[in-house]
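So the structure is just underneath, and the comments pick up after that.
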Amino acid sequence: MNCTKCKTKAVIGLPRHNAAFCKTCFLGYVHDQVAKAIKHDRMFEKDQRILVAVSGGKDSLALWDILLKLGYRADALYVDLGIPGYSSRSREKVTRYAQTAVGTTLHVHAVQREEGAGIRELAMLIHRPTCSACGTIKRYQFNRAAIEHEYDVMATGHNLDDEAARLLGNVLHWQEEYLEKQGPSLPASLDGFAKKVKPLYRLTERETAAYAVLSGIDYVVEECPMAKGSKMLLYKEVLNRLETESPGTKQKFYCGFLDRQAPNTPSHDSMAERDRATLHPCATCGQPTTAEICSYCKMMARAKTASAR
Ligand code: Q46
Ligand code: ZN
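Okay, so the sequence shown: first residue is 317 according to our numbering, each after it adds one.
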């Protein structure tokens with residue numbers, strides 16, 4: 317198998333593009349796909365400051381790496397969830413990468429230290445599924461860091477597999493409200509303020525993993541132990557089966573949704589307008605919320621009461 321572009325020996329085949337690439341051309345392909353996504357969805361400009369949400373996994377570290385190589389001003393935030401073993405291993409990978417990313421800043425929020433307990437204990441105290449409590453904490457801390465440190469935009473490492481699986485879940489359950497908000501670029505104040513973008517949405521999980529390996533990025537291979545048995549993993553498996561039978565299915569599914577989304581749903585700008593009108597500062601922490609107290613502060617108050625019992 318030879319590289320479609322330069323005809324030297326290929327290291328990876330991409331059936332969905334009917335192509336194969338050598339290492340150099342593959343890294344170039346990944347950079348091009350991300351540059352295209354940034355431009356097509358007007359994610360950010362060269363002079364803006366970006367905060368990348370990193371977990372220690374391949375996608376988020378690859379994203380940070382790609383943005384830096386493309387010449388963007390990107391720092392990162394790592395939320396240490398306090399999950400025994402997994403959190404220290406992933407934190408180590410993030411710290412190690414950050415040491416090589418000269419001139420950048422790594423912000424760290426440690427749940428155990430700041431909230432008094434790790435994510436599992438917190439979720440148990442308030443009788444909520446761990447991943448839902450985790451979602452509230454991560455969303456809150458990323459928004460907060462983005463606003464306090466004055467970043468223009470927050471970027472996450474969601475790839476095509478993540479987005480297609482999420483879309484499948486939303487369609488299967490007809491979660492219209494979520495469908496309305498699913499997209500690679502959500503403007504500021506849609507659900508709390510900072511603009512959120514997903515520059516890897518044109519790349520599959522296999523491609524981001526190959527990018528990380530070929531770029532020598534040391535990432536945590538294991539998934540978060542809390543993800544075991546999740547519906548998302550099942551949807552990904554189903555989509556992977558379809559992809560094997562018919563390469564390009566994931567892309568057609570997700571990009572077809574995005575193409576159809578524009579004329580039929582309220583534009584993200586008008587949704588942002590609508591949300592902006594109902595947002596005001598949380599009475600406890602001052603962060604934007606549609607209620608009197610934001611969901612993060614409510615959650616923390618419940619955890620405090622429960623642990624005092
Ligand atoms: S990190 Fe958090 Fe995921 Fe782990 S606890 Fe669940 S939501 S699975 S992206
Ligand atoms: Zn609050």
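The beta carbon of each residue, even a glycine, is placed where N, CA and C say it ideally should be.
field: As assigned by DSSP and simplified to three states, the class of residue 604
entry: strand
task: Using three-state DSSP, classify residue 279 as helix, strand or coil.
output: For the chain, the structure presents residues 317 to 625; residue 279 sits outside this window and is missing.
- prompt: Thinking C-beta only, is residue 551 closer than 8 Å to residue 473?
  reply: no
- request: Count the CB pairs spanning the segment 517-527 and the segment 385-393 that are closer than 8 Å, and state whether there are at least three.
  value: no
query: Taking the C-alpha atoms as reference points, what is the distance between residue 346 and residue 475?
result: 12 Å
- prompt: For residue 459, is the classification buried or exposed, using 16 other Cβ atoms within 10 angstroms of its Cβ as the cut-off for buried?
  reply: buried
query: Roughly how many angstroms lie between the CA atoms of residue 409 and residue 536, to the nearest whole one?
result: 7 Å
- prompt: From residue 352 to residue 471, what does the alpha carbon distance come to, in whole angstroms?
  reply: 15 Å
query: DSSP three-state call for residue 333: helix, strand or coil?
result: helix
message: Restricting to Cα atoms, I'd like to know which of 616, 478, 406, 598 is closest to residue 549.
response: 478
message: the ligand Q46 and residue 397: does any heavy atom of the ligand fall closer than 7 Å to the residue's C-beta?
response: yes
message: Would you say the beta carbon of residue 435 is closer than 7 Å to some non-hydrogen atom of the ligand Q46?
response: yes
message: Tell me which residues share the same chain as residue 322 and place their Cβ nearer than 8 Å to its Cβ, disregarding the 5 neighbours each side in the sequence.
response: 338, 340, 341
query: Should residue 402 and residue 521 be called a contact, given that it needs their Cβ atoms to be closer than 8 Å?
result: no
message: Shorter than 7 Å, the distance from the beta carbon of residue 609 to the closest heavy atom of the ligand ZN, or not?
response: yes
Any non-hydrogen atom of the ligand ZN within 7 Å of residue 603 CB: yes
message: Using a Cβ-based criterion (distance less than 7 Å to any ligand heavy atom), does residue 600 qualify as near the ligand NAD?
response: Among the ligands present in this structure, namely the ligand Q46 and the ligand ZN, the ligand NAD is not found.
query: Under the criterion of a Cβ to heavy atom distance below 7 Å, does residue 543 qualify as lining the ligand Q46?
result: yes
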